[in-house]
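Colleague: The sequence shown runs 1 to 306 under UniProt numbering.
Built from N, CA and C at the ideal position, the CB exists for glycine as well.
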Amino acid sequence: MNILQQMFGDQTEVFLDTCWPKRSYVADGAMSRFTQLSALEEFQDIRKLFNALPGPVDLLFAGGKRITVARSADALAPYNDGAAMVYMKDLEALPAISLACDELAKILDIPRHYVSCEAFAANHGVEVATHFDHETNFMIQIKGEKTWRFAENTSLPDPIYPFFPNNPNRFYQEGTHPYTGAKLPLTMPEGHEERLVKPGTTTFMPRGYWHATVAHEESFSIGFVINPPTVADIITYALLDRLHGDERLRAHPLDTLSESALQRILGDIQSGLDEVAKLSRTLPAEALLQRYKQSRKGNIRTLTSL
Ligand SMILES: [Fe+2]
Numbered sequence: 001m002n003i004l005q006q007m008f009g010d011q012t013e014v015f016l017d018t019c020w021p022k023r024s025y026v027a028d029g030a031m032s033r034f035t036q037l038s039a040l041e042e043f044q045d046i047r048k049l050f051n052a053l054p055g056p057v058d059l060l061f062a063g064g065k066r067i068t069v070a071r072s073a074d075a076l077a078p079y080n081d082g083a084a085m086v087y088m089k090d091l092e093a094l095p096a097i098s099l100a101c102d103e104l105a106k107i108l109d110i111p112r113h114y115v116s117c118e119a120f121a122a123n124h125g126v127e128v129a130t131h132f133d134h135e136t137n138f139m140i141q142i143k144g145e146k147t148w149r150f151a152e153n154t155s156l157p158d159p160i161y162p163f164f165p166n167n168p169n170r171f172y173q174e175g176t177h178p179y180t181g182a183k184l185p186l187t188m189p190e191g192h193e194e195r196l197v198k199p200g201t202t203t204f205m206p207r208g209y210w211h212a213t214v215a216h217e218e219s220f221s222i223g224f225v226i227n228p229p230t231v232a233d234i235i236t237y238a239l240l241d242r243l244h245g246d247e248r249l250r251a252h253p254l255d256t257l258s259e260s261a262l263q264r265i266l267g268d269i270q271s272g273l274d275e276v277a278k279l280s281r282t283l284p285a286e287a288l289l290q291r292y293k294q295s296r297k298g299n300i301r302t303l304t305s306l
């Protein structure tokens, strides 16, 4: 059975037909159905996981504060006393996890590098406040019981950034919608669902869904995260590539001290905008989608320093 069939069993087709990628789904079942994941020693004890992943981890505190500690072992004390939840990224250092990501990407037809895996370890009583994320998540509860509350996000579907009402980041100034300026809700919407998750439960959390959790005992869960570029990203990356083919548009706008230089730059910007108008009529949508599907290292324009 592939990883999706291990998650959803005989409901896999139902999940794909009726939920993926927009509606939540909670599938209960024994942890033993995850043949490779349930055998991982690193998931039996937090110290074993810290040994396998010695690098930096994040600590998430109940009030919304988040700090990074350079060595995972340094997270043990705040974990033990229940002050914070431990959040680990890049679990793909574990070969079984990397293979599961490969499989999930293939089944869902998503370029592999947009699928990753992270883990959450929390002691008894640790809460994660109401929030929404910008990614699509398949959470698997590995150890302990936890209550999940969740609801569809009708205020801001498909958000670009996560939002914690108790600690809004700079994209949500004073808790407002980034595009309309309306106040976003401060609490979980009414009519939300509540589920007790146990070892083996898979929770599919679509992008942007409101959620909050509380651990009833020592809890460990992993999340397969799907985070590809947006449709707008795909369009703008393709435009950027074409615009950078023009030397004038590749220039930095540094020379703005004289009126004549300023006019030249304004003219360059206008000619770039005219080129965008032309490209918008000629770039085929199919080619842009293919470019995304075949992308290997991400579409983001990043250069490694030499
Ligand atoms: Fe979350």
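Using CA atoms only, rank isn't needed, just tell me which of E41, I160 and A83 is closest to E127.
Modeller: Of the candidates E41, I160 and A83, the one whose C-alpha sits nearest the C-alpha of E127 is A83.
Colleague: Per DSSP, what are the beta-bridge partners of T203 in this structure?
Modeller: Paired residue(s): V26 and M139.
Colleague: Which ranges does the alpha helix (DSSP H) cover as unbroken runs of at least 4 residues, wholly within the stretch 18-77, from first to last along the chain?
Modeller: If we require 4 residues or more, the alpha helix (DSSP H) runs fully inside the stretch 18-77 come out as 46-52.
Colleague: Are at least three pairs of beta-carbons, each pair with one atom in the stretch 53-60 and one in the stretch 219-234, less than 8 Å apart?
Modeller: Because the criterion of three Cβ pairs below 8 Å is not met, the stretch 53-60 and the stretch 219-234 do not touch.
Colleague: Within the 9 Å Cβ cut-off, does A119 reach chain B?
Modeller: Absent from the structure: chain B. Only one protein chain is present.
Colleague: Cutting at 6 Å between CB atoms, please list the residues of its own chain near F50, excluding the five before and the five after it.
Modeller: Within the same chain, F50 has close Cβ partners S72 and A73.
Colleague: What is the rounded straight-line gap between the Cα of L279 and the Cα of L266?
Modeller: Using only the alpha carbons, I get a separation of about 20 Å.
Colleague: Have a look at A151 and R207 and give me their C-alpha separation to the nearest angstrom.
Modeller: The alpha-carbon atoms of A151 and R207 are separated by roughly 11 Å.
Colleague: One question on the structure: do Q141 and S221 come within less than 9 Å of each other, judged by their Cβ atoms?
Modeller: Going by C-beta atoms, Q141 is nearer than 9 Å to S221.
Colleague: Smallest Cα separation from R33: which of R47, L53, P21 and L4?
Modeller: For the residues R47, L53, P21 and L4, the minimum Cα distance to R33 belongs to L4.
Colleague: Identify, in the order they occur along the chain, each residue of the same chain with its Cβ nearer than 6 Å to the Cβ of T256, setting aside the five sequence neighbours on each side.
Modeller: Once the five neighbours on either side are set aside, the close Cβ partners of T256 are L262.
Colleague: Give the straight-line distance between the Cα atoms of H113 and L40, rounded to the nearest whole angstrom.
Modeller: Using only the alpha carbons, I get a separation of about 23 Å.
Colleague: Cβ-heavy atom distance between V128 and ligand 1 below 8 Å?
Modeller: Yes, since a heavy atom of ligand 1 falls inside the 8 Å radius drawn around the Cβ of V128.
Colleague: Please go through the same chain and pick out, in chain order, the residues whose beta-carbon is closer than 8 Å to the beta-carbon of A105, but skip the five residues on each side of it.
Modeller: So the list reads P111, R112, Y114 and V115, once near-sequence residues are dropped.
Colleague: Quick check: is any heavy atom of ligand 1 less than 8 Å from the C-beta of H131?
Modeller: Yes, since a heavy atom of ligand 1 falls inside the 8 Å radius drawn around the Cβ of H131.
Colleague: Run through DSSP, which three-state label would Y237 get?
Modeller: Three-state DSSP puts Y237 in a helix.
Colleague: Compare the beta carbon distance of D233 and L249 with 9 Å and say whether it is the shorter of the two.
Modeller: In this structure, L249 does not lie closer than 9 Å to D233 by Cβ.
Colleague: Is P95 near ligand 1, in the sense that its beta carbon is under 8 Å from a heavy atom of that ligand?
Modeller: No, Cβ of P95 sits at least 8 Å from all heavy atoms of ligand 1.
Colleague: Which residues does DSSP pair with residue 318 in a beta bridge?
Modeller: Since the first residue shown for the chain is 1 and the last is 306, residue 318 is missing from the structure and cannot be characterised.
Colleague: Identify, in the order they occur along the chain, each residue of the same chain with its Cβ nearer than 8 Å to the Cβ of G245, setting aside the five sequence neighbours on each side.
Modeller: If we look at G245 and ignore the five residues flanking it on each side, it has no Cβ neighbours.
Colleague: If N153 and F132 are in contact, beta carbons under 8 Å, what's the gap, nearest whole angstrom?
Modeller: Sure, about 5 Å apart at Cβ, within 8 Å.
Colleague: How would you label V14, buried or exposed, when you count the other beta carbons within 10 angstroms and need 16 or more for buried?
Modeller: Its Cβ having fewer than 16 others within 10 Å, V14 is exposed.
Colleague: Looking only at DSSP bridge pairs, what is Y87 linked to?
Modeller: According to DSSP, Y87 bridges with D58 and F120.
Colleague: Using C-beta distances below 7 Å, list every residue in its chain close to T136, excluding the 5 sequence neighbours before and after it, in chain order.
Modeller: Once the five neighbours on either side are set aside, the close Cβ partners of T136 are P21, P206, R207 and I226.
Colleague: From which residue to which residue does the alpha helix (DSSP H) around V276 run?
Modeller: It spans E259 to T282 - the alpha helix (DSSP H) in which V276 sits, taken as one unbroken run.
Colleague: For D81, which residues in the same chain have their Cβ closer than 8 Å to its Cβ, ignoring the five residues on either side in sequence?
Modeller: The answer, listed in chain order, is N123.
Colleague: I'd like the list of long-range same chain contacts for T147, defined as Cβ closer than 6 Å, with 5 residues on each side in sequence excluded.
Modeller: Closer than 6 Å at Cβ, skipping near neighbours: L196 and V214.
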